[in-house]
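Chains as they are written, first to last, in our numbering: chain X, 21 to 268; chain F, 21 to 268.
Ideal Cβ positions, reconstructed from N, Cα and C, are used throughout, including at glycine.
Following: one structure in structure tokens, then a few remarks.
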DNA sequence: AAACTCCATTTGTCATACAATATGATAATT
DNA sequence: AATTATCATATTGTATGACAAATGGAGTTT
């Protein structure tokens, strides 16, 4: 067992995975606290604090005399980064990226349009700064991904909608915590064509980003929306490519 | 203090509000555990389990020797329904509805289009059932709101995107837990014109819903998108009306 | 100035006891 | 017989006291 966490956190992770990945099913009772103490060889304090971590995430509900039951899926706080990670760990590679890209394709064009109307001069300057950083990062995949994320976050923040910002922040945290992005890079040996393929895509990507930034700066919402759509079509295609490559 | 909750939950709520509503600021230290025990007149067990609930939501971080610090806002799990409610409690009336409607206007047209492509026959039947229920509920505001929510949820679920479903579920839970919807109804005395205004809107609303359902059934994504946009324009206008009325 | 050692402070963990609560069985009442 | 009231019991909720582990800083050495 990894020692990155304290006892409580380790047990949260273990039981959390058991539930979210379906080995403990909704309605089932967890063993009683004193049995969990024996099972994990820890004190009841640790078990109870771990169960609190799960009940805060809506995964279990404890009641005296009844015990601790696994909640129905509709009660789960799926938008907790840990819950999301546990969930997608149990799914095929790339599934998270696929869903993420899809919801981005729904949101970001409309968000770009709104940002074009609402962004303050400071926010436009911030978007430009992120774009310049992106231009400078085409050589380094790691830096490029970071700069790319910052660019999109800066646009979404310019919408001045706290719910949107919260969603983006959650997805960003999940993306960075998960290994979703660290998968395709290791196999740079035989897949040299993958690298060139990505670089081919990067030129188009930089162009799209430039067009999006210009449109927002010029307060042209329709154009910002259009170019964001085009960019996300490319992203979706790239994700599918990565998935098919990682399946070999 | 309401006794709806156990001690731990009460303290989670109290300190959670202190943080999210800004009376305890990021970087600040909470009092040490033994001091909190004195302050709230409870055992350290309760304090620790409460702090655990806050740290799971990303509001605080505890470290030996250093104490328990309020986290930066970017670390907060804003999409936890409790955190959202605490946050909007500190904001003007209707602020949550406004932000909610805005993010719906970004997402739902695209989602309706996707649903038109992807919905299974069962899901289309479900959407129709929700629409029929809506038609039957025009007389009862309470039932109408429920049916309306179910209709939109059924469309969003037909997109088969777990992230989208999770977001919708979170917002739905928050809406139902908060008093956001229970505000305008009490003042039905002098505001009779409000009622008639809403009923005028309901006719249009039923029409829009009908068009949306038909478009999805007929696999006409573009039309579904168009009609959803029209509906949400009306919703946004209604929200603004309610806000201005509640400000009198 | 940098690295190391030690110390004091705070949270982390353990153990035990008792209180509160919800369920099901049992008894009392109609 | 059906319903209600009571009680016993199992499980989590809370309290208390003790010790362990981790961390930051002061002081020491190089």
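Residue burial classification, residue 40 (chain X) (beta-carbon count within 10 angstroms, cutoff 16): buried
Check whether residue 263 (chain X) and residue 33 (chain X) have beta carbons under 8 Å apart: no
Cβ contact check for the segment 134–146 of chain F and the segment 170–181 of chain F: 3 or more pairs under 8 Å: yes
Nearest to residue 80 (chain F) (by Cα), restricted to the options F:30, F:103, F:146 and F:187: F:103
Neighbouring residues, chain F, relative to residue 94 (chain X) (Cβ below 7 Å): Those are 189, listed as they occur along chain F.
Sequence-distant residues of its chain with Cβ nearer than 7 Å to residue 240 (chain X) (five each side left out): 136
Chain-ordered neighbours of residue 76 (chain X) on chain F, where CB pairs are closer than 7 Å: Going along chain F in sequence order, the residues near residue 76 (chain X) (Cβ under 7 Å) are 73, 76 and 77.
Residue 259 (chain X) in three-state terms, based on DSSP: DSSP places residue 259 (chain X) in helix when its eight states are reduced to three.
Where residue 110 (chain X) falls, given that 16 or more other Cβ within 10 Å makes a residue buried: exposed
Residue closest to residue 84 (chain F), alpha-carbon to alpha-carbon, out of F:99, F:128, F:73 and F:52: That would be F:52, whose Cα lies nearest to the Cα of residue 84 (chain F).
Cβ neighbour criterion (16 or more within 10 Å) applied to residue 90 (chain X): When all chains shown are included, residue 90 (chain X) counts as buried.
Backbone secondary structure at residue 162 (chain F) - three-state DSSP: helix
Proximal residues to residue 116 (chain X) (C-beta, below 6 Å), its chain only, five neighbours per side dropped: 108 and 200
Coil, strand or helix - residue 225 (chain X) by DSSP: helix
Contact check, residue 247 (chain F) vs residue 235 (chain F), beta carbons under 8 Å: yes
Rounded separation between residue 37 (chain X) and residue 106 (chain X) - CA only: 6 Å
Residue 39 (chain F) at chain X interface by Cβ criterion, 8 Å: Closer than 8 Å: no.
For residue 87 (chain F), three-class secondary structure by DSSP: Here residue 87 (chain F) sits in strand by DSSP.
Interface flag, residue 69 (chain X) vs chain F, CB-CB below 8 Å: yes
Within-8 Å CB hit, residue 177 (chain F) to chain X: no
Residue 233 (chain F), buried or exposed, once every other Cβ within 10 Å from all chains shown has been counted against 16: So residue 233 (chain F) counts as buried.
Buried/exposed call for residue 130 (chain X), threshold 16 Cβ in 10 Å: Burial of residue 130 (chain X) is indicated by the presence of at least 16 other C-beta atoms within 10 angstroms of its C-beta.
Reduced DSSP secondary structure (H/G/I, E/B, other) of residue 27 (chain F): helix
Cα-Cα separation, residue 171 (chain F) to residue 127 (chain F): Residue 171 (chain F) and residue 127 (chain F): Cα-Cα distance of roughly 15 Å.
Rounded separation between residue 212 (chain F) and residue 94 (chain X) - CA only: A caution first: residue 212 (chain F) carries a pLDDT of 38, below 50, which makes its placement in the model too unreliable to give a value.
Between the CA atoms of residue 26 (chain F) and residue 253 (chain X) - distance to the nearest angstrom: About 50 Å.
Per-residue contacts from residue 119 (chain X) into chain F (C-beta, under 7 Å): 181, 182 and 183
Terminal residues of the alpha helix (DSSP H) in which residue 186 (chain F) lies: Residue 186 (chain F) -> alpha helix (DSSP H) spans 182–197.
Cα-Cα separation, residue 210 (chain F) to residue 261 (chain F): Only weak support exists for where residue 210 (chain F) lies, its pLDDT of 39 falling under 50; the value from the coordinates is given anyway. Each residue's alpha carbon lies about 15 Å from the other.
Integer-rounded CB distance, given that residue 119 (chain F) should sit under 8 Å from residue 182 (chain X): 6 Å
Beta-carbon proximity list for residue 92 (chain X), same chain, < 8 Å, skipping 5 on both sides: 46 and 47
Own chain, CB closer than 8 Å to residue 166 (chain F), minus 5 neighbours either side, in chain order: Closer than 8 Å at the Cβ level, and outside the excluded window around residue 166 (chain F), lie 157.
Simplified DSSP state of residue 82 (chain F), which is helix, strand or coil: Three-state result, residue 82 (chain F): strand.
Straight-line gap, residue 195 (chain X) to residue 226 (chain X) (C-alpha atoms, nearest Å): 21 Å
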